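Numbering (my numbering), first residue to last: 127 to 1034. Below is one structure; the comments refer to it alone.
Here it is in structure tokens:
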């Protein structure tokens, strides 16, 4: 008896701790949502979860209890069942085990436990349930059943989830009832023959009949699931699906309903052969008619005439996939790909030339780390690309936030006080133009140092970064310990947080709550917390956004923006679904619909989060606006300066470009034959000093740039990607997403003439490899204790022509500071490598540099040639190549003499 009490006490304690933990979770979430201004979002979410849990628990536990209680009531005494021979057959008295079981308590306990398990598993469906209740019509209908597409996005998933829940409920009810009948002896499976009491037979018939009714509804729902099938030719309902599968489903639906009626009639007959026959008829029919027959029909009837029969359904797949990914809005324009560039046309496109990105992400991050991390506990986690209107003009820049990385503190400095009270934030950003370098090959910095020093970049008045991309643990601000702000010579500067974020932690109750929730007793024990102290949690910006709006998918690359003297993060967010009919799955979790519906802005200092609607036509977002009326703001409400920094997200562009490679073909016959497949270009590795020759590089990634599109008056910020035919390397088109208002979000494909050969990036890379002068120079550098790093090749459209550019960096074998040393340029059949972009363009067109005046063009060209020979002479000298050194000096002499002859006063 004492053991029983101990067991009850242990169970009660465990349940109490679980309940207390859950209550603490809810309380902290409520405090946090209130602190960030989204208490209404939390109330809506919590209310939906509670209602779903209670409703599912009551129905599930009640159903299981009723079926178990009925089994207990009717499973007592001898039972009589008609045997196959027709003679009555009696079973013995209930077993001794059943007599000792407290059935009412046991059945109620089992019902409660199973009900809790089932209800707990359904809580994550709160989002789906709210979408169902607040759904808006899509405004278009599917081509097969004529239903609004909103039915598939919002209603069908709920019906599928409801069916799954009912199946589990039937299974649990059958298991509990079967266990009770088994313990009473009403069901016996021992030889010589199975035995079943009349009560068990009647009860089983009722449950089996309900299963057949549920199966009939399942067949009814399966009709709509045909729109998501994949037969290898078409995604969606195919010819076989609609001419065989659909009639079969109607037939199976009728068979299931008939089986339910027959099984329920067996309540009087109580013959076990009846349900067995019904189950065999339905399940056997499903196997033969639903699987074997369509397979044979597809193989012997459809396959020989597949294109003719499947053409209408391929057309549905093309149209609805293009709709699901926004591909139907892509505008196609011809691009003649001429060879008509000259220095005059280059000069008229200076806005493009002056913003060509010569710095790649990896080398520049390494350079930032060496030049600007300042202290070991700062870290540049990512590098972003943006554009700013500066005194020097409309400039494309690269920038990175200097975030605090507590893991980089020395081991003996990783104390609780340092990690949670002293080191609380990062400091400022580094910004540099994409195409400038110093004489040493290092980037020119528009923003640098701590506190930020602006040299042509925007002024930063509040550089502190409390919220960022790193794994940021909680911190306590406004405590007795001043917060470290930044190093200043041998001393440090300190600050006090004045932002709006944070939850009060001054009272004993509040400290106890957070000590429990964060599993850190130091919060309760420390003496550094004051009545005014606040705790900041969820400081990772993506975690912050996901907690507020878990129904949004987040782009992998949030980016930092300097605006109005403060720092902000902009996070692109998507609405997605896997329930769009006839659409090709194109990304994670088989999702087949996506919209960049929301732009999220997070203040890096006080953590304020704003959700701005960037696609008000999206039906999924419009549904969420109904659910959370206080969450979203119109895009026009975004501060105007921040609006200038929104950009087309790379993740979405990559998905759309990959699908457009196939779905630009709108003719079913062309699509079926895959006649005009496009793909991302590939690169070539081998001359970067880090990969074996011939090793394949990953496909080219999209890249941002400022350029003047063909036919446009002004340069603008765009995201672009070249495209090449499948299994070939020549370029066939380039895809552009426009990023600047008011043209933001427009997609354009510039298609090349099909009869003209235009070199693709892989072919240009191969030609660079084959250039003996470039290859020899790279080999020489690699032999002199340096490592050559080849930058990504950029395809730069200018007017109606294509220019190719690639940076080249040098890094000492023992160093971590890459230097931009050369620029490789290609146009037509020429490839050159020079010190700067202007020199490369001048050499490419065999004329004076674009920045040089015509009067001094010849002299500048000779000076560049002289410098080139001098550099080569020094390199040959370092390598011990005396013959090469002499040859370069011999070539240098006449150039210097000519320059001297042009300036007699220099000879005096």
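All C-beta atoms in this analysis are idealised placements derived from N, C-alpha and C, irrespective of residue type, glycine included. All of these numbers come straight from a predicted model, not from anything done at the bench.
Beta-ladder partner(s) of residue i, from DSSP
i: residue 610; result: 620
i: residue 924; result: 927
i: residue 689; result: 692
i: residue 720; result: 702
i: residue 805; result: 850
i: residue 522; result: 513
i: residue 908; result: Residue 908 pairs with nothing; no bridge assigned.
i: residue 629; result: 661
i: residue 597; result: Per DSSP, none; premise fails for residue 597.
i: residue 356; result: 361
i: residue 552; result: 591
i: residue 374; result: Per DSSP, none; premise fails for residue 374.
i: residue 934; result: 916, 948
i: residue 697; result: 726
Beta-carbon contacts of residue i that lie in its chain and below 6 Å, excluding the five residues immediately before and after
i: residue 135; result: none
i: residue 350; result: 282
i: residue 451; result: 782, 785
i: residue 725; result: 738, 740, 772
i: residue 420; result: 366, 370, 371
i: residue 357; result: 364
i: residue 864; result: 844, 872
i: residue 181; result: none
Residues of its chain near residue i, where Cβ-Cβ distance is below 8 Å and the 5 sequence neighbours each way are ignored
i: residue 175; result: 249, 252
i: residue 976; result: Since pLDDT at residue 976 reaches only 42, below the 50 mark, its modelled position is unreliable, and the value read off the structure follows with that caveat. Excluding positions up to five away in sequence, the list reads 469, 472, 473, 476, 479, 964, 967, 968.
i: residue 942; result: 492, 495, 496
i: residue 285; result: 347
i: residue 801; result: 791
Contact check, residue i vs residue j, beta carbons under 8 Å
i: residue 391; j: residue 341; result: no
i: residue 935; j: residue 890; result: no
i: residue 545; j: residue 946; result: no
i: residue 295; j: residue 244; result: yes
i: residue 592; j: residue 551; result: yes
i: residue 509; j: residue 491; result: yes
i: residue 573; j: residue 555; result: yes
i: residue 300; j: residue 322; result: no
i: residue 280; j: residue 257; result: yes
i: residue 525; j: residue 686; result: yes
i: residue 720; j: residue 750; result: no
i: residue 500; j: residue 584; result: no
Alpha-carbon to alpha-carbon, residue j and residue i
i: residue 755; j: residue 377; result: 45 Å
i: residue 595; j: residue 620; result: 23 Å
i: residue 289; j: residue 178; result: 15 Å
i: residue 665; j: residue 835; result: 40 Å
i: residue 141; j: residue 597; result: 32 Å
i: residue 874; j: residue 809; result: 24 Å
i: residue 542; j: residue 238; result: 44 Å
i: residue 375; j: residue 414; result: 12 Å
i: residue 434; j: residue 440; result: 10 Å
i: residue 131; j: residue 153; result: 32 Å
i: residue 695; j: residue 578; result: 18 Å
i: residue 262; j: residue 735; result: 26 Å
i: residue 869; j: residue 359; result: 37 Å
i: residue 905; j: residue 917; result: 16 Å
i: residue 242; j: residue 576; result: 55 Å
i: residue 662; j: residue 690; result: 24 Å
i: residue 732; j: residue 527; result: 16 Å
i: residue 900; j: residue 455; result: 43 Å
i: residue 416; j: residue 405; result: 15 Å
Sequence-distant residues of the same chain with beta carbon closer than 7 Å to residue i, five excluded per side
i: residue 353; result: 268, 270, 362, 363, 707, 708
i: residue 856; result: 850, 883, 884, 885, 886, 889
i: residue 328; result: 393, 396
i: residue 344; result: 289
i: residue 198; result: 229, 233, 306
i: residue 210; result: Here the model assigns residue 210 a pLDDT of 47, short of 50, so the residue's position is not dependable and the matter cannot be decided.
Check: residue i C-beta below 7 Å from any heavy atom of the ligand GDP
i: residue 612; result: This structure does not include the ligand GDP; it has no bound ligands of any sort.
Original post:
Taking only runs of the alpha helix (DSSP H) that begin and end inside the segment 847-891, which ones reach a length of at least 4 residues, in chain order?
Top reply: none
**OP:** For the segment 486-511, list the beta strand (DSSP E) runs that are entirely contained and at least 3 residues long, ordered along the chain.
**Re:** 504-506
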